[in-house]
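Novice: Residue numbering for the sequence shown is 564 to 866, as defined by my numbering. All residues carry an ideal CB built from backbone N, CA and C; glycine is no exception.
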Amino acid sequence: MRTEGLTEFLSVARTGNFTRAAEALDLSVAHVSRQVAALERRLGTRLFERSTRSVQLTSAGERLRSRVEVIDDALEDALATTSAESHALSGKIRIASLSGTFAEEVVTPTLLDLVDQYPMLDIEIDFEVRHVDLIREGYDLAIRSGPMRESELVALPLARRRFVAAASPCYLAKFAAPKHPSELINHSCIRVRDDQWVFDDQGTTLAVPIKSRIKLNTGPALAEACRRGLGIAYMASTGFETLFAARQILPVLQPFWRTEMSIYAVRAHRSYVPARVRLIMERLQQAASDFEHRDEKWVSQLK
564 MRTEGLTEFL SVARTGNFTR AAEALDLSVA HVSRQVAALE RRLGTRLFER STRSVQLTSA
624 GERLRSRVEV IDDALEDALA TTSAESHALS GKIRIASLSG TFAEEVVTPT LLDLVDQYPM
684 LDIEIDFEVR HVDLIREGYD LAIRSGPMRE SELVALPLAR RRFVAAASPC YLAKFAAPKH
744 PSELINHSCI RVRDDQWVFD DQGTTLAVPI KSRIKLNTGP ALAEACRRGL GIAYMASTGF
804 ETLFAARQIL PVLQPFWRTE MSIYAVRAHR SYVPARVRLI MERLQQAASD FEHRDEKWVS
864 QLK
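1. Among the residues of its own chain, which have a CB less than 6 Å from the CB of residue 696, if the five just before and after it don't count?
2. What residues in its chain sit with their C-beta under 7 Å from that of residue 811, if we drop five residues either side in the sequence?
3. Is the region 809-827 close to the region 716-732, with three or more CB pairs under 8 Å?
4. Within this structure, are the beta carbons of residue 601 and residue 567 separated by less than 8 Å?
5. Counting along the chain, where does the beta strand (DSSP E) carrying residue 824 start and finish?
6. Using the C-alpha atoms, what's the distance from residue 746 back to residue 661?
7. Would residue 612 and residue 621 be called neighbours here (beta carbons separated by less than 8 Å)?
8. Out of curiosity, what's the CA-to-CA distance linking residue 760 and residue 773?
9. On the criterion of 16 or more Cβ atoms from any shown chain inside 10 Å, does residue 571 qualify as buried, or is it exposed?
10. Mind listing, in chain order, the continuous beta strand (DSSP E) runs of no fewer than 3 residues lying wholly within the region 763-828?
11. Note the first and the last residue of the continuous alpha helix (DSSP H) segment covering residue 585.
12. Mind pulling the beta strand (DSSP E) runs of 3 or more residues that sit fully within the region 597-629?
13. Can you give me the Cβ contacts of residue 748 inside the same chain, cut-off strictly under 8 Å, excluding the 5 residues immediately before and after it?
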C-alpha cells in the first residue's frame, strides 16, 4: 500500500494553503508541493484547483479527503492506545485564545502547568482578537467568547460572565445615576461593538439603545475610560474588580445586570479527539469553574 503524499494532501485540504500546511507539518513548502503533485500523478486526477490566491479541493479531492480523514482518525486512535501504557502525553497542539483577564488568569497558567507536567507536550498559543478558522489555519483548539454559531465546531462551555454597569464618582457628580436601563439614552456610554446593551429585567431580556462617542475593544481601555469619567461602561465584571475595590468606579443599574454563558473552548468536529486535546479541555474547564466562582463572590459583595 502506497501512502506517500496522503499526509501532505490532508494537511493542505485542512488548511487550504500549501504554506500553512508545510508549517503545520514542519516541512518545506516545496516538499509538500512535490508530494501532492506526485500523488495526483499516481491517481491520475487533480485533487486541488490552484490559483494565486487560493487552493480549493476538486470533487475528487473532496472524496479522497472524506476517506483519508477516517483513516487518519483511526491511526491517531491506534497510536494513542498503544502509547497509553506509558501514561505519557506528547505531541504538538496549536491554540488560539481570546486575550484579557480570562486568558491571564485561566488559559495561560493552565497551559503552562501542562507544559511543566508533560515534557513531551509542545504547545503553541496565539492570543488572537479575530476568530481564526481552526481547520484551514491548523489550530486544534480555540478559546472564544460570545455565542457559538459554527455548526462544524464542537463547543465546550467554560465559564459564565456577569456583565456589570459602572461609572466614576466624578461622572455621577455631574449626572444623576440612571435608575432604569431606558434612561441610558440620556447618558454618555462607552461601548465595545453594538449600539445597544442587553440587560436582564426580572428574567426578561431587555435591549436598550445607547449613545456613544467612544468605541473601544479591550477591557483595560474600557475600564480606564470609565475611571476618567468619560461615561457609563457595561462589560464583563472581570475587568472592573480592582477599580471597584478602590472606589474609583461605582456600580449602577445593579438590578438589571445579566449573566450568560460566554466563554467556550471549541474544536473541529472529528470522530477522534487526541488525548492531549481532551486533557487540555478538561483542565481549562476546571480552572474556568474556579475562576467563575471567585468572580461571582466579589460581584455579590458590591454595594
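Specialist: In terms of the structure at hand:
1. Locating residue 696 in the sequence shown gives position 133, counting from the first residue. Hits under 6 Å: none found.
2. On the sequence shown, residue 811 is found 248 positions in, with the first residue counted as 1. If we look at residue 811 and ignore the five residues flanking it on each side, its Cβ neighbours are 731, 790.
3. yes
4. Counting from 1 along the sequence shown, the entry for residue 601 is found at position 38. Counting from 1 along the sequence shown, the entry for residue 567 is found at position 4. Taking 8 Å as the Cβ cut-off, residue 601 and residue 567 qualify as a contacting pair.
5. Residue numbering aside, residue 824 sits at position 261 when the sequence shown is read from its first letter. Annotation for residue 824: the continuous beta strand (DSSP E) segment containing it runs 821-831.
6. Here the question's residue 661 lines up with position 98 in the sequence shown. Here the question's residue 746 lines up with position 183 in the sequence shown. Answer to the nearest angstrom: the Cα atoms are 32 Å apart.
7. In the sequence shown, counting from the first residue as 1, residue 612 sits at position 49. In the sequence shown, counting from the first residue as 1, residue 621 sits at position 58. Their beta carbons are under 8 Å apart, which means residue 612 touches residue 621 by this criterion.
8. The residue labelled residue 760 in the question sits at position 197 within the sequence shown. The residue labelled residue 773 in the question sits at position 210 within the sequence shown. If you take the alpha carbons of residue 760 and residue 773, they lie about 7 Å apart.
9. As a working mapping, residue 571 is identified with position 8 in the sequence shown. By the neighbour-count rule (16 or more Cβ atoms within 10 Å), residue 571 is buried.
10. 767-772, 774-778, 795-799, 813-815
11. The residue you call residue 585 lines up with position 22 of the sequence shown. First-last of the alpha helix (DSSP H) with residue 585: 581-588.
12. 611-613, 618-620
13. On the sequence shown, position 185 is the one that residue 748 refers to. So the qualifying residues of the chain are 771, 772, 773, 774.
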